[in-house]
Amino acid sequence: MIVDPASLAVLGGALALVGGLVGSSVGIAVGASAGIATLAEEPGQFRNVIVLASLPMTQTFYGLIIFILILTAVVPGLPAEGGSGFAVLGCGIVAALAEFFSATYQGSVCASGIALLPKTKGQILTNAMLLAVFVELLGVLGLVFTIMAINMLGLM
């Protein structure tokens, strides 16, 4: 049985999106759980809780960008034979893992910041966001490295 390279490429893009979706869901859930406890203690921190709890959502967009890029720029020019479909699938798996772990662990960092909002009267917000951005950078790098790899393979 011959596997269609375009199908493998689409699967790789879909996995990148799924990694972002699942990672963001887990990260937001972790942050929101801490937010509920914080809001029970100090309801005035709602805005800060929303800002921190929503940060892991961006990895979903990175996965979506990769998926759209593969569907629109890679699949139409993909050779009908050869291992290029497996190469794009591999890139999609790397992107999925990068987005999943970035979003998941960013949620943990945000949860720590959220938990300290009442104690610091909201002063921890900027520091917590800065630390969460460090974890975000790995999701951005997953996006950039995936685009670079696909480009270096000559598929874009």
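Position 49, counted from 1, in the sequence shown is what this note's numbering calls 38; the numbers after and before it change by one each time, with no gaps.
All C-beta atoms, glycine included, are put in the ideal place defined by N, C-alpha and C.
For clarity, every value in this text was computed on a predicted model and none was experimentally measured.
| Using the C-alpha atoms, what's the distance from G96 back to I17? | 6 Å
| With V(-1) and I59 assumed to form a contact (beta carbons below 8 Å), what rounded beta-carbon distance in angstroms separates them? | Yes, they are in contact, since the Cβ atoms of V(-1) and I59 sit about 7 Å apart, within 8 Å.
| task | Taking 8 Å as the threshold, find out whether the stretch 84 to 94 comes into contact with the stretch 34 to 54 through three or more Cβ pairs. | result | yes
| said: I'd like to know whether the C-beta atoms of I82 and G1 end up nearer to each other than 8 Å. | reply: yes
| How big is the Cα-Cα spacing for L114 and A76? | 41 Å
| message | Restricting to Cα atoms, I'd like to know which of I54, V(-8), A104 and N116 is closest to E30. | response | That would be A104, whose Cα lies nearest to the Cα of E30.
| task | Output yes or no for whether 8 Å exceeds the beta carbon distance between V38 and A100. | result | Not a contact, by the Cβ cut-off of 8 Å.
| When T61, L(-3) and L28 are compared against M145, the one with the closest alpha-carbon | T61
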